[in-house]
Amino acid sequence: MKENIGRSKNKIEVITDSQGQKHYEEAGIEKTLVDHFQSLFTKQDTQNINETVQVVKGRINNKMFQELSKEFTKDEVFQAIKDMKSLAAPALFYHNYWEIIGEEVTNMVLDVLNNNGDPSHLNSTYICLIHKIKNPSSPSDFRPISLCNVTLKIITKTIANRIKHTLTDVISPNQSAFIKGRLITDNTLIASEIFHYLDHTKRKNGFAGIKTDMAKTYDREFYPKTGLRQGDPLSPYLFIICADVLSGLISKAQQQKHIHGIMISHGAPEISHLFFVDDSLMFCRATTKEMSTIHNIIQTYQNASGQLVNLSKSEIVFSKGVSSDTKKEISSILPMPILDQFSKYLGMPIVLGRSKKQIFNFIQEKIWKKLKGWK
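Residue numbers (the numbering used here): 1065 to 1439.
Structure below.
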């Protein structure tokens, strides 16, 4: 019963193409999806990559370099095997039959990692589309995920296990995703404090908070033919390394006093941005000068990376002291929807009102929806 429900839910009954035409037949649905993702993955001309990445200062010391560049070992490959989720299909096979296949798999992995072996025969993938919303109606409502060869994932997992230990010292503290010792709740709490400050501050020099909508992080990041594949263990780390360039651009502008972050109290750090993968918050003074700087930073990052910021789906909020005229001027620079406040960040309410029951009612609703699906 559950399997039949899943199949029915995942079936694409109708799709709307870029011209607004609906397609119900399999051939039309297939062509619409192929056209959309082919255009999405068309290589973009990039600009000033070398100059842009200079904002990220060298953080790898000699000891780190030696650790990262040494030959991979059998133990590291076996650790990647042990890290497989125990109830996942690959793990059930690899864990139970490792004594039989272990030596051959290990030799293949180490040949690729240590001897420049050719992994091209492992590099083909199947692409699966998953829903981003409940009732998808257009190609942009789906996210492609690569179903990679398991041996290839063992290779990339082995690499990921090695580099993850250095990322704490390499990636900006403004990024809290995938870094050991950093939690999603860190950003949630900081964001809540900042927006509480924006909602109550009486300072004449107003501030703005910007929530950007990245045009599908894993779909577009850097070159399509050498880009990131969601489902690959290495992809999250590659993305946050790339996104650190955006953090570096913002931090450089802050250091040069081109933008000013928010200090919620005397002695508190000045926060100009918070990242959790592609959930990005930026903060600055609500002036046309600082907004122009933010716009230029976004443009520079887009030109260098190939990633796009969807301004129409991004949002901006202002502190109470910002006049309507200033908001209009800023809106002409960054044409984003203006909100009174963001409702949620990272799935949690940012600003808590008087009625906690009303604010957190969505949790109860989600649980009830799950329970109703049980048979």
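Using N, Cα and C, we set each Cβ at its ideal position, and we do this for glycine too.
Quick caveat, the model's predicted, so the values are computed rather than measured.
Per DSSP, L1298 forms a beta bridge with which residues? Answer is none; L1298 lacks a bridge partner.
Helix, strand or coil at V1176 [DSSP, three-state]: helix
C-alpha gap between L1345 and T1357, whole angstroms: Going from the Cα of L1345 to the Cα of T1357 covers about 15 Å.
Which partner residues does H1195 have in the DSSP bridge list? H1195 is bridged by DSSP to F1206.
Does the separation of the CB atoms of F1271 and F1347 fall below 8 Å? Against a cut-off of 8 Å, the Cβ pair of F1347 and F1271 comes out as a contact.
Check the C-beta distance from S1311 over to S1236 and give it rounded, since I have them as a contact under 8 Å. 4 Å
Straight-line gap, H1324 to L1132 (C-alpha atoms, nearest Å): 36 Å
Cα-Cα separation, V1119 to L1151: Rounded to whole angstroms, the gap between the alpha carbons of V1119 and L1151 is 43 Å.
Under three-state DSSP, which class holds Q1239? In the structure shown, Q1239 adopts extended strand secondary structure according to DSSP, grouped into three states.
In the DSSP assignment, find the alpha helix (DSSP H) that holds R1123 and state where it starts and stops. Segment: none, R1123 is in no alpha helix (DSSP H) and carries neither H nor E.
With C-beta atoms as the reference, is L1375 less than 8 Å away from L1398? yes
Contact the region 1257-1275 vs the region 1373-1389: 3+ CB pairs below 8 Å: yes
Which same chain residues end up closer than 7 Å to K1391 when comparing Cβ atoms and leaving out the 5 residues on each side of it in sequence? Cβ neighbours of K1391 beyond the five flanking positions: F1382, I1402.
Start and end residues, alpha helix (DSSP H) containing L1253: 1248-1264
So, T1222 versus V1173, is the Cβ gap smaller than 8 Å? yes
On the three-state DSSP scale, how would you describe C1348? strand
Neighbourhood of I1076 by C-beta, 7 Å cutoff - its chain only, sequence neighbours within 5 removed: I1093
Residues bridged to F1382 by DSSP? A1272
Could you spell out the range, first to last residue, of the alpha helix (DSSP H) harbouring F1157? 1153-1160
Using the C-alpha atoms, what's the distance from K1198 back to N1187? 32 Å
Taking the straight line between their C-alpha atoms, what separation do you get for L1302 and D1308? 10 Å
Residues in the same chain with beta-carbon distance under 6 Å from P1183, minus the five sequence neighbours each way, listed in chain order, please. V1176
Assuming A1368 contacts T1116 under a Cβ cut-off of 8 Å, what Cβ separation, rounded to an integer in Å, is found between them? 4 Å
Give me whichever residues DSSP pairs with L1403 in a beta bridge. V1381
Out of T1351, P1300, A1332, which one is the CA nearest neighbour of H1322? T1351
Give me, in chain order, the residues of the same chain whose beta-carbon lies closer than 7 Å to that of E1429; leave out the 5 immediate sequence neighbours on both sides. none
At the level of alpha carbons, what is the spacing between I1326 and T1230? 29 Å
Coarse secondary structure for Y1365, derived from DSSP in three states: helix
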